[in-house]
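In my numbering, the protein residues as written are 48 to 333.
From the three backbone atoms N, C-alpha and C, an ideal C-beta is built for every residue, glycine too.
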Amino acid sequence: MSIRLEHINYIYSQGTAYEKQALKDVSLEIPQGQFLGVIGHTGSGKSTLIQHLNGLIRASSGALYYEEENIYNSGYNMKKLRSQVGLVFQYPEHQLFEVDVFTDVCFGPKNQGLSAKACEERAKEALELVGFPEKYYRQSPFELSGGQKRRAAIAGVLAMRPKVLVLDEPTAGLDPKGRDDILEQVAQLHARTGMTVILVSHSMEDIAKYVERIIVMNRGEKMLDGTPKEVFSRYRELEQVGLAAPQVTYIMHDLKEKGMDVRTDVTTIEEAAEEIMKIVSKKEFP
C-alpha cells in the first residue's frame, strides 16, 4: 500500500489576475510504513503538497493514487480516504472545537459511524498513545498549553486509526522540551504501529534525527529526494534556496578543514559525538 503522485500540478485562483502555480509536475511515491520529511522555504509548496494527500485540495492536473486507486475517479470515497490519511494542521486550534478534549477526540470515530462505547475506547487509546494526561480529558481544549493542544489534535486524528499520519509543523512555537516530547511520541508511535508518517518541518535537526527520507520542495517543484545523508551532503544547494543542513554538518566540515580526519556526512549530534570520540581516542589530528 502506498501513496503515489503522478505529474501533479496545482494552480491557485486559476483564470484570475491572482493566478499562481503552487505545484509543478510533482511525481513521487510514499511506501506504506515510511517516515518521510518534507522541507522547503516559505512558499515552496510543501503545505499545498500535503493537503493533496487526503483530498483537501484537488490537483489542477495529474493523478494521485492511494492503495492503487486514483482518488480523482468519479465516485471515489473521499470520506474513507480522510479517515485513512489523517492530517494534523500547524495550528491545532483549527482542529479543536468541542467542549472538552475527550469529546473532541471522539468526534472522528463518531463520524465513522462507530458506537458511543467504541468511540470512547478509541479516544482513550489515542490519548494514551500521545501521552495526554487523563486529568485534562474533560478540560476545554482552548485552556490547554501549546504542547497539550498539539497532543489533543494528534489524538483526534489517531482515534480514527489512520494508516498515514501527516504532520504540518507539529512543533511550531513550542519550547525545546515540548518539541522533543511531541516528536519522541510520534517516533514511538511510528515504531509501534508501522504507520506511514509524513513530517513537514523547518527544523533541519528534527528532520535529520527522525526521518528516513527527505523531499525538498522549491518553487512548487520537487528539488531533491533522498536519505538525510544524501540530501544534507548537498548543503550548498540547500543554502541557495534558503535552507541549510543541521548545525552538526557544518561543525564536521569545519573540523575537517582544520585537519581532523572526521566524516562529513554526519547529520545528528549522536553521530557527531561518536565520530569525534573515535578520532580523539586515536589522536588522529594535529
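If you reduce the DSSP assignment to three classes, tell me which class residue 69 lands in.
strand
Regarding residue 213 and the ligand COA, is the C-beta to nearest heavy atom distance less than 7 Å?
Among the components modelled here there is no ligand, and therefore nothing to report on the ligand COA.
Using the rule of at least 16 other Cβ atoms within 10 Å of the residue's Cβ for burial, across every protein chain shown, is residue 106 buried or exposed?
By the neighbour-count rule (16 or more Cβ atoms within 10 Å), residue 106 is buried.
What does the alpha-carbon distance come out to for the pair residue 325 and residue 311?
14 Å
Does the stretch 209-219 come within contact of the stretch 166-174, defined as at least 3 CB pairs closer than 8 Å?
no
Looking at the structure shown, is residue 74 part of a helix, part of a strand, or coil, going by DSSP?
strand
Should residue 293 be labelled buried (16 or more other beta-carbon atoms within 10 Å of its own) or exposed?
buried
By the DSSP assignment, the beta strand (DSSP E) with residue 54 in it spans what residues?
49-59
Mind checking whether residue 254 and residue 90 have CB atoms under 8 Å apart?
no
Which class does residue 119 belong to by DSSP, given the choice of helix, strand or coil?
coil
Which residues bound the beta strand (DSSP E) around residue 265?
260-265
Is it buried or exposed, residue 301, if we count other Cβ atoms within 10 angstroms and call 16 or more buried?
Taking a 10 Å sphere around the C-beta of residue 301, we find fewer than 16 other C-beta atoms and assign the residue as exposed.
Candidates 97, 155, 186, 190: which alpha carbon is nearest residue 173's?
155
At which residues does the alpha helix (DSSP H) containing residue 94 begin and terminate?
93-99
Does the stretch 224-244 come close enough to the stretch 182-191 to have 3 or more Cβ pairs within less than 8 Å?
Pairwise C-beta distances place the stretch 224-244 out of contact with the stretch 182-191, as fewer than three of them are shorter than 8 Å.
With distance defined between alpha-carbon atoms, name the residue in 240, 270, 232 nearest to residue 257.
232
Quick one: using the 10 Å Cβ neighbour count with 16 as the cut-off for buried, is residue 164 buried or exposed?
exposed
In whole angstroms, what is the alpha-carbon distance linking residue 332 and residue 217?
Below a pLDDT of 50, predicted positions are generally treated as unreliable, and residue 332, at 48, falls in that range; the measurement from the model is reported next regardless. Rounded to whole angstroms, residue 332 to residue 217 spans 41 Å at the Cα level.
Does the Cβ-Cβ distance between residue 291 and residue 251 come in under 8 Å?
yes
Determine, using beta carbons only, whether residue 313 and residue 322 come nearer to each other than 8 Å.
yes
Can you check the stretch 217-254 for any beta strand (DSSP E) of at least 3 residues that lies completely inside it and give the ranges in chain order?
243-247
When we look at the beta-carbon of residue 270 and count the other beta-carbons within 10 Å, is it buried (16 or more) or exposed?
Under this definition residue 270 is a buried residue.
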